[in-house]
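Protein chains in written order, with full-length UniProt numbering: chain A, 1 to 256; chain P, 1 to 256; chain Z, 1 to 256.
Think of the CB as a built atom: it goes at the ideal place given N, C-alpha and C, for glycine as much as any other residue.
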Amino acid sequence: MKAFEKSVKIPKVDGATVMLDKGLTPEFVESFLKVAGEYVTAVKLGWGTARLIDKEIVARKVEMYVDAGLDVFPGGTLAEIAIAQGNFEGYLNELDELGFNAIEISDGMIPMSIEKKCELIERACEQGFTVYAEEGKKRDEEYSVLSPSDIVGRMNKCVEAGAEYVIVEARESGKHGPMGAEKRERVRVLSEIVKGVGIQRVMFEAPEKEQQFELIVKFGPEVNIANVPPEEVIPLATLRAGLRAETMGRVALDGE
Amino acid sequence: MKAFEKSVKIPKVDGATVMLDKGLTPEFVESFLKVAGEYVTAVKLGWGTARLIDKEIVARKVEMYVDAGLDVFPGGTLAEIAIAQGNFEGYLNELDELGFNAIEISDGMIPMSIEKKCELIERACEQGFTVYAEEGKKRDEEYSVLSPSDIVGRMNKCVEAGAEYVIVEARESGKHGPMGAEKRERVRVLSEIVKGVGIQRVMFEAPEKEQQFELIVKFGPEVNIANVPPEEVIPLATLRAGLRAETMGRVALDGE
Amino acid sequence: MKAFEKSVKIPKVDGATVMLDKGLTPEFVESFLKVAGEYVTAVKLGWGTARLIDKEIVARKVEMYVDAGLDVFPGGTLAEIAIAQGNFEGYLNELDELGFNAIEISDGMIPMSIEKKCELIERACEQGFTVYAEEGKKRDEEYSVLSPSDIVGRMNKCVEAGAEYVIVEARESGKHGPMGAEKRERVRVLSEIVKGVGIQRVMFEAPEKEQQFELIVKFGPEVNIANVPPEEVIPLATLRAGLRAETMGRVALDGE
Numbered sequence: 001m002k003a004f005e006k007s008v009k010i011p012k013v014d015g016a017t018v019m020l021d022k023g024l025t026p027e028f029v030e031s032f033l034k035v036a037g038e039y040v041t042a043v044k045l046g047w048g049t050a051r052l053i054d055k056e057i058v059a060r061k062v063e064m065y066v067d068a069g070l071d072v073f074p075g076g077t078l079a080e081i082a083i084a085q086g087n088f089e090g091y092l093n094e095l096d097e098l099g100f101n102a103i104e105i106s107d108g109m110i111p112m113s114i115e116k117k118c119e120l121i122e123r124a125c126e127q128g129f130t131v132y133a134e135e136g137k138k139r140d141e142e143y144s145v146l147s148p149s150d151i152v153g154r155m156n157k158c159v160e161a162g163a164e165y166v167i168v169e170a171r172e173s174g175k176h177g178p179m180g181a182e183k184r185e186r187v188r189v190l191s192e193i194v195k196g197v198g199i200q201r202v203m204f205e206a207p208e209k210e211q212q213f214e215l216i217v218k219f220g221p222e223v224n225i226a227n228v229p230p231e232e233v234i235p236l237a238t239l240r241a242g243l244r245a246e247t248m249g250r251v252a253l254d255g256e
Numbered sequence: 001m002k003a004f005e006k007s008v009k010i011p012k013v014d015g016a017t018v019m020l021d022k023g024l025t026p027e028f029v030e031s032f033l034k035v036a037g038e039y040v041t042a043v044k045l046g047w048g049t050a051r052l053i054d055k056e057i058v059a060r061k062v063e064m065y066v067d068a069g070l071d072v073f074p075g076g077t078l079a080e081i082a083i084a085q086g087n088f089e090g091y092l093n094e095l096d097e098l099g100f101n102a103i104e105i106s107d108g109m110i111p112m113s114i115e116k117k118c119e120l121i122e123r124a125c126e127q128g129f130t131v132y133a134e135e136g137k138k139r140d141e142e143y144s145v146l147s148p149s150d151i152v153g154r155m156n157k158c159v160e161a162g163a164e165y166v167i168v169e170a171r172e173s174g175k176h177g178p179m180g181a182e183k184r185e186r187v188r189v190l191s192e193i194v195k196g197v198g199i200q201r202v203m204f205e206a207p208e209k210e211q212q213f214e215l216i217v218k219f220g221p222e223v224n225i226a227n228v229p230p231e232e233v234i235p236l237a238t239l240r241a242g243l244r245a246e247t248m249g250r251v252a253l254d255g256e
Numbered sequence: 001m002k003a004f005e006k007s008v009k010i011p012k013v014d015g016a017t018v019m020l021d022k023g024l025t026p027e028f029v030e031s032f033l034k035v036a037g038e039y040v041t042a043v044k045l046g047w048g049t050a051r052l053i054d055k056e057i058v059a060r061k062v063e064m065y066v067d068a069g070l071d072v073f074p075g076g077t078l079a080e081i082a083i084a085q086g087n088f089e090g091y092l093n094e095l096d097e098l099g100f101n102a103i104e105i106s107d108g109m110i111p112m113s114i115e116k117k118c119e120l121i122e123r124a125c126e127q128g129f130t131v132y133a134e135e136g137k138k139r140d141e142e143y144s145v146l147s148p149s150d151i152v153g154r155m156n157k158c159v160e161a162g163a164e165y166v167i168v169e170a171r172e173s174g175k176h177g178p179m180g181a182e183k184r185e186r187v188r189v190l191s192e193i194v195k196g197v198g199i200q201r202v203m204f205e206a207p208e209k210e211q212q213f214e215l216i217v218k219f220g221p222e223v224n225i226a227n228v229p230p231e232e233v234i235p236l237a238t239l240r241a242g243l244r245a246e247t248m249g250r251v252a253l254d255g256e
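Listed below in structure tokens is the structure:
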């Protein structure tokens with residue numbers, strides 16, 4: 001039972017939340033999951049951070065996340081480095097050994113045809129991983145060449161190949177690519193992506209309250225949000241539930 | 001005994017500090033209070049965050065805060081939602097059940113006459129809670145209608161009704177309302193409020209060093225500061241004590 | 001063995017990293033060192049924060065840092081206050097009692113001739129401390145009077161007097177002094193300092209990714225970086241190792 005459940009009614013909190021773990025301690029993860037685990041859907045061990053941490057520590061954290069019912073995967077950059085070094089199969093095996101149940105497949109830094117990307121997605125699905133496919137480029141000058149319909153087209157192919165979610169690349173800050181455009185343009189492009197891919201499949205990287213608020217008001221509290229720092233997981237859930245000034249009164253109560 | 005107490009003299013650190021807890025783990029709170037508890041006066045469980053956390057976890061944290069001699073209360077937004085749902089009495093009872101010893105009463109989102117607000121304050125005092133009354137609006141367009149003398153007038157009524165402290169609303173960022181005005185205007189309005197209400201009663205929401213420094217230089221190290229993130233509690237205390245460059249040499253040593 | 005060591009090759013991570021501890025709990029430090037200790041060279045207990053914390057707690061943290069093979073020292077501001085109060089000898093003794101193995105000597109707030117500064121450095125070396133000497137002023141108006149060749153001249157005297165590292169003052173934010181100048185000027189001044197003092201000896205205060213990235217691209221992954229918040233220690237190490245988009249492909253692999 002939640003605190004204040006008797007005196008304050010709220011709607012059900014929904015929508016996927018991907019937390020960013022860029023080197024948390026196992027002790028913190030253990031405590032955190034008891035407080036906020038139910039408001040997290042998946043955990044990304046940001047970019048290549050896992051590569052620098054002892055195998056035993058990573059495996060222990062992964063186990064805690066999996067036991068809590070979450071997807072857990074390293075950042076797509078790590079997979080891209082393995083691919084660039086010609087070792088995607090070795091990477092899949094090491095994911096397995098460490099206990100990961102999911103993978104992010106992206107082409108933010110390395111060039112990759114959509115056919116190649118779909119092959120990798122299929123290969124990862126075959127091996128039992130839940131696939132998070134990211135679309136977009138880390139470098140803004142390469143990103144700007146992609147049109148919303150290019151992004152939608154590629155995302156839908158990723159979904160057909162087996163991806164569970166498709167993520168719009170915006171970096172740790174959530175301020176690159178379409179997420180970094182000025183507001184009118186941003187809303188136009190994101191709306192086109194949501195329309196083309198479906199609100200259930202698409203995820204936006206949005207670590208900050210203002211970004212999350214804009215997405216929730218535009219697309220509803222069930223919009224999928226990624227790159228959420230641990231200390232913002234509960235705050236984001238309050239935005240979804242109408243428990244913060246921004247969305248108070250804007251989110252309908254259950255069954256009313 | 002403190003570290004470096006023998007070789008470095010400092011003045012007594014004074015002034016109330018309200019820490020913002022937006023979902024901390026009980027394990028963190030336990031460790032934190034041993035390091036920094038004496039520099040905290042009260043803890044606000046930000047806006048509606050407590051509503052999403054297990055009753056047992058909230059009660060356990062509240063107990064630790066109360067045992068450390070601190071006031072602890074949920075954000076005023078949670079009370080406002082209970083009031084909007086017609087359940088202020090139920091809210092008071094649930095505060096009691098969970099062990100809270102204080103309450104924040106605000107009208108940042110819902111319209112409320114000052115008479116109604118004072119009634120609620122009296123009611124909460126009757127039930128034994130220490131009352132933190134917040135003045136100001138969450139939405140800047142509603143806030144800007146209030147003059148400094150309106151704010152002072154309402155604050156003084158809150159104090160007469162039993163409020164221990166009155167807080168100038170500025171949101172988590174400390175950048176809304178008069179705290180968000182350009183500097184000359186900000187200083188003018190805050191000075192009027194301090195003059196009208198008294199430095200002991202009024203609190204400013206100021207999470208950032210620059211904001212805290214400005215308040216300390218203008219109103220002295222004993223100014224009351226709210227919305228302080230846990231990791232800024234010790235840094236704020238160093239500003240008050242002249243242990244940081246900004247205030248070094250500006251804060252008089254005890255008895256000298 | 002590190003996670004993903006079998007499938008992803010990276011170069012050796014090098015360069016000194018000074019972490020900023022502004023009031024961490026001993027419990028956090030214990031967990032943190034197991035995850036990231038090997039990517040830290042030294043820990044600074046920021047400015048005067050240690051003065052407000054119980055002696056036993058500070059001593060316990062210092063012991064953990066020393067046991068992990070790290071240098072640990074309070075911020076130079078604390079030493080400056082002791083000096084201004086005429087008690088440098090008492091300060092050295094208290095450092096000893098608390099278990100510190102290093103000291104920061106700066107003149108950011110108090111005026112000090114370079115001869116006096118070198119005397120203090122020699123005195124601290126004599127007593128067995130590793131010396132981190134900081135150059136530059138806390139107040140921008142005093143800082144701007146120093147030319148790059150003044151800074152280099154003073155730094156080299158500090159090194160001759162026994163300082164292990166010389167730090168370019170930039171405050172907690174890393175945005176004051178030459179680090180806060182516009183880009184062309186910043187690069188010009190920093191390059192002159194590196195050229196004059198040597199890349200092994202000089203340290204830059206750079207808490208943010210963009211600052212760290214600029215330094216790594218300009219001076220190589222082995223550049224010494226200070227004022228790194230705990231949660232940015234692993235991210236900084238990924239930048240050095242080419243495990244993050246910014247530096248992926250820019251950092252050469254070992255022996256290739």
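The Cβ atoms of Met-203 (chain A) and Tyr-132 (chain A) sit closer than 9 Å to each other. With a threshold of 16 other beta carbon atoms within 10 Å, Gln-212 (chain Z) meets it and is buried.
In the structure shown, the three-state DSSP call for Phe-73 (chain Z) is strand. Taking a 10 Å sphere around the C-beta of Pro-74 (chain Z), we find 16 or more other C-beta atoms and assign the residue as buried. Taking a contact as a CB-CB distance under 8 Å, the pair Val-197 (chain P) and Asn-227 (chain P) does not count as one, their CB atoms being some 18 Å apart.
Per the coordinates, the alpha-carbon of Leu-190 (chain A) lies some 17 Å from the alpha-carbon of Asp-140 (chain A).
The alpha carbon of Gly-136 (chain A) has as its nearest neighbour, out of A:Gln-127, A:Ile-121, A:Ile-110, the alpha carbon of A:Ile-110.
By the criterion of at least three beta-carbon pairs nearer than 8 Å, the region 38-58 of chain A is not in contact with the region 60-69 of chain P. Remark: three or more beta-carbon pairs, one from each stretch, lie closer than 8 Å, so the region 86-103 of chain P and the region 121-128 of chain P are flagged as touching. Boundaries of the alpha helix (DSSP H) harbouring Asn-156 (chain A): 148-160, taken from the DSSP string. Judged by DSSP in its simplified three-state form, Ile-103 (chain Z) adopts strand. Here the region 8-24 of chain Z makes contact with the region 40-54 of chain Z; the two share three or more CB pairs at distances below 8 Å. Against Gln-85 (chain A), the close residues of chain Z are Ser-7, Val-8, Lys-9, Leu-253, in the order they occur along the chain (beta-carbon pairs closer than 9 Å). By the CB criterion at 9 Å, Ile-167 (chain P) and Glu-205 (chain P) fall inside the cutoff. At least one CB of chain P lies nearer than 9 Å to the CB of Ile-53 (chain Z). Going by beta carbons, Arg-60 (chain A) and Lys-2 (chain Z) fall outside the 9 Å limit. Phe-32 (chain A) carries a helical assignment under DSSP once its states are collapsed to helix, strand and coil.
Among the residues facing chain P, Phe-28 (chain A) is included, as its CB has a counterpart in that chain under 9 Å away. Looking at the DSSP output, Ala-133 (chain Z) sits in a beta bridge with Z:Ile-105, Z:Val-166.
Within the region 206-219 of chain P, contact with chain Z at the beta-carbon level (separation under 7 Å) is assigned to no residue. Taking the Cα positions, Glu-231 (chain P) is about 19 Å away from Leu-215 (chain P). Lys-9 (chain P) carries a coil assignment under DSSP once its states are collapsed to helix, strand and coil. When CB distances to chain Z are screened at a threshold of 7 Å, the residues of the region 105-134 of chain A falling below it are Gly-108, Met-109, in chain order. Of the candidates A:Ala-84, A:Arg-123, A:Phe-100, A:Gly-99, the residue whose Cα lies closest to the Cα of Asp-107 (chain A) is A:Ala-84. When the alpha-carbon of Glu-210 (chain P) is set against those of P:Leu-236, P:Gly-86, P:Met-112, the nearest one is in P:Leu-236.
Taking a 10 Å sphere around the C-beta of Asp-96 (chain P), we find fewer than 16 other C-beta atoms and assign the residue as exposed. For Asp-96 (chain A), the enclosing alpha helix (DSSP H) starts and ends at 88-98. A distance below 7 Å between beta-carbons, with the five flanking residues on each side excluded, links Val-187 (chain P) to the following residues of its chain, in chain order: Lys-218. Interface criterion not met: the Cβ of Glu-141 (chain P) is under 9 Å from no Cβ in chain A. Between Val-223 (chain A) and Ile-193 (chain A), the gap from beta carbon to beta carbon reaches 9 Å or more.
For Ala-226 (chain Z), the enclosing beta strand (DSSP E) begins and ends at 224-228. Under the criterion of beta carbons closer than 8 Å, Gly-162 (chain A) and Ile-121 (chain A) qualify as touching, at roughly 5 Å.
With respect to Asn-87 (chain P), Val-8 (chain A) sits close: the two C-beta atoms are nearer than 9 Å. With respect to Ile-114 (chain Z), Gly-153 (chain Z) sits close: the two C-beta atoms are nearer than 9 Å. DSSP, read as helix, strand or coil, puts Ala-42 (chain A) in strand. Closest option to Thr-247 (chain A), judged by alpha-carbon separation, among P:Pro-26, P:Lys-117, P:Trp-47: P:Trp-47.
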